[in-house]
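Asks: Residue numbers (the working numbering), protein chains in the order written: chain S, 1 to 645; chain F, 1001 to 1096.
For every residue, glycine included, the Cβ atom is placed at its ideal position computed from N, Cα and C.
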């Protein structure tokens, strides 16, 4: 039997249970990566069903195909250019109207479509019942009800998809008719578009041109500028008739159609009372109670990631160092042995002991928080404060996670919509003192000078974040930010989906970061083996000794700190020949050293994710900026403190 | 024009509504270039002219607004919410 191939794309709003369906379909045969050149996550998987090899693509959760965000652009391009055999539109029954607004756009794209009507249980709780057959009739698209959490209806979806593909029927969904004024102009424009070669359906192009879609306008402009000028004229006519912009008119009318279909298909029944979700929402967004609840929850998250991370990190470390003598025996203690163990193997160990213990629980908890709906409530509560540094509420989450480890913090910036804000949030996150830097702050300043001084350093850090955040906000070009986020009803997260997602994301991270960490580790080891460390320390001494007033050997620790910040303290002890730092460093020196350590460079793993998320140029810029900034502030503080003491 | 007279009362920003009040969206103030993307996003989320919006509450210290529109609950940054113009929807018992 010949293997037949099939590609299915999952599309739909955020939080409709799309990824749960994806996980049911693909099990462990999936891969999470990025869309080429984009920081948008791409989840792909394969399964075998009735003699077919089926590729499943989970498109990002979006509300429209208007290409406002990268996610929308990626999704539309995928559907039109790569042409999946069928698109399964996952629809949230509890917010039918808004979900249908998206469905209508898929219909306009003229792609073969099946609707998976999901979350009927939530709808029922809200007092909404939907007649599946009626919806199917109204849309002329197959509608199948699913309970994704329980896996109900999933195989029916596949059967239907195969049935449609085998029949090779052209999809014949309901015609979406706008008002007469709009419709006549769409028709006129469609006829013009039909004459040119373009990969989007002509009617779709016509509608999008009237809406002023930038991407499509740009491409049509190159082929047939005449069409663009006509579209502009027609759009102006509509604008004059309706006294609203043309895109507003079309969006409104599309929503009217969606609303009309929704009202026809749904029946309002008394809601099942009392909805505990509602009470939970009121409590967690309460103007006074909301904040203590958030603080306690976050501390709990924070603590558990730390506790788990710290414990596992040590365990793994011990485990790996058991092999030290084995490897050294194998490769000898000569230069080669040093390089293999100290360079490559220790690099891998560093990568694994940083990555696994902190990132794994982070991903899991973030996934659970997001899925349950709490993340959007945090954004709601924190929006006001975050606005002060030009970011909106959502950016609070990556920043907070940065206190554990900057790496997941930066990865967490993906939840922010625009590229500009993502970068801004990531930059701010690199300034947050992570666990490793906390070791230095507490171990040096906190232990030898006093805990209150350590706290002062934290406050200074917050001030610097605020100041640099504002500065970056003012200098980066682009639109100001605003929070627009859906606070969907609380729901119990699907643990299996969260676990699987965590696993695949961790694997993805290791693939990206590990090589860089190993490379960095090897370079430093090489410098050590070649006896370059002392000369480097001498080269750095104008900065370390003259400007920062620190012993010359701290230059070496600064180099090692790039690999792992907590190594700085260990190195310092080794190089100074004592763990009692009070004997060899003055309090001022300790403060300056700690300050520099806090800001001077993102560690190797952090640089790796910065490269992965934003490209080499931006990553190097942030790195270079922070080196200069840390050195400057260290020297200034030294002079201020010497004057004051 | 018919579309204008459909809404009674004067236009006010969404932020002027008290908690629990319903407004009908008339327009979103945003020119091309300036906040254009956000206007699109708001409309995609259902805040189109004619849509009913209920202001549920606002976060403390002039924080974002919690609103419900077309059956979904949204958090809207205050700056954005100020650009959404609405007319107040009168209750069923019309008093003058």
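Run down chain S in chain order and give the residues with a C-beta less than 8 angstroms from the C-beta of residue 1070 of chain F.
Replies: By Cβ distance, chain S contributes 95, 97, 98, 255 and 259.
Asks: With a threshold of 7 angstroms on Cβ separation, who are the neighbours of residue 401 of chain S within its own chain once the five nearest residues in sequence on each side are excluded?
Replies: Result list for residue 401 of chain S: 362, 408, 409 and 412, in chain order.
Asks: By alpha-carbon positions, which one of S:241, S:149, S:124 and S:134 ends up nearest to residue 180 of chain S?
Replies: Nearest of S:241, S:149, S:124 and S:134 to residue 180 of chain S, Cα basis: S:241.
Asks: So that I know if they touch, is there some Cβ in chain F lying closer than 8 angstroms to that of residue 118 of chain S?
Replies: It does not: the Cβ of residue 118 of chain S has no partner Cβ on chain F nearer than 8 angstroms.
Asks: Kindly list the residues whose CB is nearer than 6 angstroms to the CB of residue 1046 of chain F, restricted to its own chain and excluding five residues on each side of it in sequence; keep chain order.
Replies: 1069 and 1070.
Asks: For the pair the region 329-346 of chain S and the region 515-527 of chain S, tell me if three or more CB-CB distances fall below 8 angstroms.
Replies: The region 329-346 of chain S, when compared against the region 515-527 of chain S, does touch it at the 8 angstroms Cβ threshold.
Asks: Would you mind sorting residue 546 of chain S into buried or exposed? The rule is 16 or more other CB atoms within 10 Å of its CB.
Replies: It counts as exposed.
Asks: Near residue 373 of chain S, what residues of its chain come up, given a Cβ to Cβ distance below 6 angstroms and the 5 sequence neighbours on each side ignored?
Replies: Correct list, in chain order: 488 and 490.
Asks: To the nearest angstrom, how far is the alpha carbon of residue 153 of chain S from that of residue 106 of chain S?
Replies: Taking the straight line from one Cα to the other gives about 22 angstroms.
Asks: Chain S beta carbons: is any one of them nearer than 8 angstroms to that of residue 1013 of chain F?
Replies: No, because no Cβ of chain S sits closer than 8 angstroms to the Cβ of residue 1013 of chain F.
Asks: Relative to the C-alpha of residue 50 of chain S, which candidate in S:283, S:76, S:326 and S:163 has its C-alpha closest?
Replies: Residue 50 of chain S has its Cα closest to that of S:163, out of S:283, S:76, S:326 and S:163.
Asks: Step through the CB atoms of chain S and report whether any lies within less than 8 angstroms of the CB of residue 1074 of chain F.
Replies: Closer than 8 angstroms to some Cβ of chain S, the Cβ of residue 1074 of chain F qualifies, so yes.
Asks: Any beta carbon from chain F within less than 8 angstroms of residue 369 of chain S's own beta carbon?
Replies: By this cut-off, residue 369 of chain S is not an interface position.
Asks: Can you list, in chain order, the residues of its chain with a C-beta nearer than 7 angstroms to that of residue 249 of chain S? Leave out the 5 residues immediately preceding and following it.
Replies: Correct list, in chain order: 182, 238 and 242.
Asks: Answer yes if the region 530-547 of chain S comes into contact with the region 347-358 of chain S, meaning at least three C-beta pairs across the two stretches below 8 angstroms, and no otherwise.
Replies: Cβ pair count under 8 angstroms is below three, so no.
Asks: Whole alpha helix (DSSP H) runs in the region 122-185 of chain S with 4 or more residues, listed along the chain?
Replies: The qualifying runs are 132-139 and 154-167.
Asks: For residue 1040 of chain F, decide whether its Cβ has a neighbour in chain S, counting only Cβ atoms nearer than 8 angstroms.
Replies: So yes, residue 1040 of chain F belongs to the interface.
Asks: For chain F, is any of its Cβ atoms less than 8 angstroms away from the one on residue 121 of chain S?
Replies: Not an interface residue.
Asks: Would residue 267 of chain S be called buried (16 or more neighbouring beta carbons within 10 Å of its own) or exposed?
Replies: So residue 267 of chain S ends up on the exposed side.
Asks: Quick one: what does DSSP say residue 281 of chain S is sitting in, helix, strand or coil?
Replies: In this structure, residue 281 of chain S counts as helix in the three-state DSSP scheme.
Asks: Specify, as a first and last residue, the run of the alpha helix (DSSP H) that residue 376 of chain S falls within.
Replies: Looking at the DSSP string, the run of the alpha helix (DSSP H) that includes residue 376 of chain S is 374-387.
Asks: Would you mind reading off the limits of the alpha helix (DSSP H) that contains residue 397 of chain S?
Replies: Unbroken alpha helix (DSSP H) run through residue 397 of chain S: 396-402.
Asks: Suppose the cutoff is 6 angstroms on Cβ atoms and the five residues either side in sequence are ignored; what does the same chain contact list for residue 261 of chain S look like?
Replies: Cβ neighbours of residue 261 of chain S beyond the five flanking positions: 100 and 138.
Asks: Between the Cα of residue 1054 of chain F and those of F:1021, F:1025 and F:1009, spot the shortest distance and give me the residue it belongs to.
Replies: With distances taken between Cα atoms, residue 1054 of chain F lies closest to F:1021.
Asks: So residue 117 of chain S and residue 132 of chain S are supposed to be a Cβ contact under 8 angstroms. How far apart are they, rounded?
Replies: Sure, about 6 angstroms apart at Cβ, within 8 angstroms.
Asks: If you count every other CB in all the chains shown that lies within 10 Å of the CB of residue 295 of chain S, and 16 or more means buried, which is it?
Replies: With fewer than 16 other Cβ atoms within 10 Å, it is exposed.
Asks: What residues in the region 278-294 of chain S have a beta carbon less than 7 angstroms from any beta carbon of chain F?
Replies: If the cut-off is 7 angstroms between Cβ atoms, the region 278-294 of chain S has 285 and 287 near chain F.
Asks: Mind listing the chain A neighbours of residue 89 of chain S? Cutoff is C-beta to C-beta under 9 angstroms, in chain order.
Replies: Absent from the structure is chain A; the protein chains it does hold are S and F.
Asks: So is residue 440 of chain S in contact with chain F if we call contact Cβ pairs under 8 angstroms?
Replies: Answer no: the Cβ-Cβ gap between residue 440 of chain S and chain F never drops below 8 angstroms.
Asks: Go through its chain and collect everything with a Cβ distance to residue 4 of chain S's Cβ below 8 angstroms, but skip five positions before and after it.
Replies: 51, 52 and 53, listed in sequence order.
Asks: Quick one, are the C-beta atoms of residue 64 of chain S and residue 1044 of chain F less than 8 angstroms apart?
Replies: Yes, Cβ-Cβ distance for residue 64 of chain S and residue 1044 of chain F is below 8 angstroms.
Asks: Any idea what DSSP makes of residue 1039 of chain F, helix, strand or coil?
Replies: Note: residue 1039 of chain F maps to helix in three-state DSSP.
Asks: In the DSSP assignment, the beta strand (DSSP E) including residue 1066 of chain F goes from what residue to what residue?
Replies: 1065-1069 is the span of the beta strand (DSSP E), which, as asked, contains residue 1066 of chain F.
Asks: Shorter than 8 angstroms from the beta carbon of residue 1027 of chain F to some beta carbon of chain S?
Replies: Output row for residue 1027 of chain F: interface = yes.
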